[in-house]
Amino acid sequence: MNKLRIYFAISSVVFLFVLAISPLKDFFSEWRGYQLAYNEIIKELPQRIQPVDIGIKQLWVRKLDVVDRCTTCHLGLKEKALVNAKEPFRSHPHIYHDFEEFGCTICHNGQGSATSYKESKGKVKYWDKPIFPREYMEASCGKCHKEQVVIQAPILSLGRKLINEYNCAGCHKLEGRQRQWVPSLNGIGSKVNRSWLVNWLKNPKAYFATAKMPNFQLSDDEANTIADFLMTFKSFSNNAILEPLPSLLIQSSESQTATLVEIGSTRLRESRCISCHPFNGKGGYVATDLGKVASKVNLRWLYNYIKNPKHFQPNVEMPRYRFNNNDLTGVVAYMNSEYVDFDMAEPPSHTPDPLYYEKGLVLVKKYNCRGCHEIENIKNSEELGPDLSFIGSKKLYEIDFGLSGISQSLSSYIFTKLKSPRTFSSKMKMPNYELSDEQAQAIAVALLGNTSEQIPEELKIKPKPASTFTPQGKFGKLVNDLACFGCHTMFGRGRLVATDLTLEASMAKQEWIDHYFKVPYSLRPILTERMPNLFLSDDEIKTLVDYMEKVFIADSLTNDILINEATVAKGKLLYSEKYGCGSCHQINGKGGFVGPTLDKVASRLQPGWILHWLKNPQAYKPESIEPNNNFTDHEAEAITAYLMTLH
Amino acid sequence: MKKIFDRLVRSQVWRSIFRHGLPESNRTRAEAIFFNFFFHLHPTKVRKRSIKFTYTWGLGGISFGLFIVLVITGALLMLYYRPSVPQAYGDMKDLQFVVSSGQFLRNMHRWAAHAMVAIVFLHMLRVFYTGSYRPPKEFNWVIGVILFVTTILLSYTGYLLPWDQLSFWGISVGTNMIRAMPFGIGEMISFLLLGGNIVGENALVRFYVLHCFIIPVAAILLMAIHFWRIRKDGGV
């Protein structure tokens, strides 16, 4: 009996001790140590910083329903004096958002409710959102910012651009990303030569490094079967028919050919194909490389295509040049003589499989060629690849890392998948885009931002709805025929390779526009893109200019200004002395190379435009690098008056 | 010293609480047991054999002790826990990270619950091996078996409350097993338990009420009868 009492006494003491441990653990908690250390550190600084009251701190973000206790230890986030302090006391880098308004975990992930280092980083069991690696941080911007370009997140914006460029939406469901135009394969049998097609299917980048088509890592057999299959597509959409080649191209004497080539070379330069098409890597970036085109397509197709591109590829953004027959023959002859791939490997001879059509069809469906290319009678297998709308919320247990041996995180999975798509299983179908590390990382950032997190609608920044500006009538037909939207933007629609034409008639004088269509030239000495000479007829030019004078104009920008000797002299002085405009602009061959030359600016620009432009250039072109000098009204008028004397 | 003690014993307050003298004779010793609420369940006489520790191992008493621990820690946990889908998991995290000794409370509740299931089971084994279920104690054995089931049900209903993946799937699997009962009974019971066909908000509230009120009250009533019968049958 006594023994029992002793046991009872001992166990009571043990239990009492155990009960005491818990409050002690609370008292000696990790964060208390950090807070005491913080109060010590700020004492040594020359600046006066408010010491912290010991206790757990938290940010409650009502609109996101989030409680983040990171500020319990990250105490110096708002203190500018602590820029170089050691973590966790360092101040937060300056960003657009106030962290007190949005909390921490909405951008950084991790476990916001935790109060210890390990738990808050979230790299613990049963927490599926560990803290984001720094190089993928911008993905978080993408959770709310759904617009195409987020200015303060360059990596995210690059990723979104690449996703569009590589047409990921062809196979994957991706919210807000549209499919790009890709050449239709109808009539490909009448267009390309089979050897080229086999080589291209095997490795598109071997033809040109900038080729956008990815490498499907096809075997020789697969490539041959698909080539045989595709070569059966001889007829074009809309029942377009190839005209025969002019006899001059088929049979001509050497001297005749030499003259043709001579004409073609001149016309090709005048029409500035190089503005859009690169030639062996040099030139524009809008269209495909033409450096070896004569080994790719047959002459008859080339002749017909240049004559009327949209007839054979209805949605292509290539202008129909108004060549006369002789010029066109010359251009084709020149291309045939110049742009040949002399090193093209002849693929090994191949006996077609008797079942090539059926097998080819299966392969084309398997690799979802239709995801990008239109092919007659083949339906798009919708969403062949996994849905990527919420890839950023994918759980680790849903991912098969295979034998890749990479670190098990979502970001490294996506990165590796993009870099070498078949790492995780050789049965996967995704082709290899041969992306650089930067590109793969940027795309991964853009994808990681696609999460299923509940973000309140009012916090989301949605992309602007696409402009539906469609000019009608004669002008509309011309714009379509000349593919103006391929380079120019009008009322929010189109590409911005060249200028925005929305206010063109307010900006430029009618006579100048008129003349520019006939002899286009570069306004800036250093500019690479150049307006092609489309060889338009006078009637066509009149249609274009008349429409522009009526529509591409804003009444608020018409101002007449007083030009007299005094203001001109004052303006000249301001131009050369006070504001040093000459460091960027040239007059009479003197000055900088960045801005447009101003030699004949009076015959080009409207005075009202110059005046408004000087006051606030970015109001008209947000990306303009012309500084806003905060001119007074008098100064702006004087400079305008001076510029208007330069005829 | 003795004077003060005597005055205390003779005072109105003392005598109103303890209505018998000091346990100095057989009569007053028996009265001390009769008139005390906490002792009144005791039999007036106990066999010496059954007081021996190795006869019962105190397993019933330990079970009851653990039940008390669970009631106390559970009541404290209820102060912080809200049984609703958006808040349940967060409240558990708050208990873990910011409530003073919150993690200790949770751990204590959890381990006491595990221990109680084990001890109650051992208690049942002991009763079986010592043959204590034999007449006239067979009714108390039946109550004991029901108490064992309530212990397990308490454990199971508590499993859902943290509202994490483990509990969600635990309850999903469990209720789907119930559905396997024939003649549509299974579906009925499962529907009744979950307040629907899937583990959701209704299920969470139902399991909370079962865990914190209905089953504990039933267990307390059964325990009262269980203890009373033990004393009447001459057990400790």
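Protein chains in written order, with my numbering: chain A, -19 to 627; chain B, 28 to 263.
We put the beta carbon where it would ideally sit given N, CA and C, even for glycine.
Contact between G429 of chain A and S96 of chain A fails: their C-beta atoms lie close to 29 Å from each other, not under 8 Å. Taking every protein chain shown into account, the CB of F370 of chain A has fewer than 16 other CB atoms within 10 angstroms, so this residue is exposed. In its chain, beyond the 5 residues on either side, S170, R280, W281, N284 have a beta carbon closer than 7 Å to the beta carbon of L222 of chain A. For G117 of chain B, the residues of chain A that pass the 7 Å Cβ criterion are S93, in the order they occur in the chain. CA-to-CA, the gap between R157 of chain A and D519 of chain A works out to about 40 Å. In chain order, G213 place their CB closer than 7 Å to the CB of A207 of chain B, counting only its own chain and leaving out the 5 sequence neighbours on each side. Using a Cβ-Cβ cut-off of 9 Å, I36 of chain A is close to F124, V125 of chain B, given in chain order.
Residues of the region 242 to 260 of chain A with a C-beta atom less than 8 Å from some C-beta of chain B do not occur. Neighbours of P3 of chain A in chain B, taken as residues at a C-beta separation under 9 Å, are given in chain order as S127, S128, F131. Chain B places no beta carbon closer than 8 Å to that of L591 of chain A, leaving this residue out of the contacts. Interface annotation, D121 of chain B: in contact with chain A, CB-CB separation under 8 Å. The continuous stretches of alpha helix (DSSP H) do not include W40 of chain A, which lies in the beta strand (DSSP E) extending over residues 39 to 41. Per DSSP, the continuous beta strand (DSSP E) segment holding V46 of chain A begins and ends at 46 to 48. In the structure shown, K399 of chain A adopts helical secondary structure according to DSSP, grouped into three states. About 6 Å separates the Cβ atoms of V46 of chain A and G92 of chain A, confirming a contact at the 8 Å cut-off. In the structure shown, F259 of chain A adopts extended strand secondary structure according to DSSP, grouped into three states. Excluding its 5 nearest sequence neighbours in each direction, K375 of chain A has C-beta neighbours in its own chain below 8 Å: D108, listed in chain order. Counting along the chain, P134 of chain A sits inside the alpha helix (DSSP H) bounded by residues 134 to 145. Rounded to the nearest angstrom, the Cβ distance from P70 of chain B to R256 of chain B is 11 Å, too far for a contact under 8 Å. Burial is judged here by how many other beta carbons sit within 10 angstroms of a residue's own beta carbon; A102 of chain B has fewer than 16 and is exposed.
Separation of the CB atoms of D208 of chain A and Y347 of chain A is rounded to 15 Å, and the pair is thereby denied contact status at 8 Å. In this structure, L427 of chain A keeps its C-beta atom at 8 Å or more from the C-beta atom of C124 of chain A. With a 10 Å radius around the Cβ and a threshold of 16 neighbouring Cβ atoms, T448 of chain A comes out exposed. The three-state secondary structure of T469 of chain A, taken from DSSP, is strand.
Among the residues of the region 55 to 81 of chain B, those with a Cβ less than 7 Å away from any Cβ of chain A are F80, in the order of the chain. Those residues of the region 4 to 18 of chain A placed with their C-beta closer than 7 Å to a C-beta in chain B are D6, ordered along the chain. For T85 of chain A, the enclosing alpha helix (DSSP H) stretches over residues 85 to 88. For R49 of chain A, at least one C-beta of chain B is nearer than 8 Å to its own C-beta. In the assembly as shown, A616 of chain A is a buried residue. Its beta-carbon has 16 or more other beta-carbons within 10 Å. The bridge partners DSSP lists for D480 of chain A are A:T469. Counting of Cβ neighbours within 10 angstroms places W11 of chain A among the buried residues, the total reaching 16 or more. DSSP places V98 of chain B in the uninterrupted alpha helix (DSSP H) bounded by 86 to 105. Under the three-state reduction of DSSP output, H565 of chain A falls in the coil class, being neither helix nor strand. Secondary structure of N360 of chain A (DSSP, three-state): coil. Beta-bridge pairing by DSSP links H125 of chain A to A:I441.
For W107 of chain A, no alpha helix (DSSP H) encloses it, and the DSSP letter there is neither H nor E.
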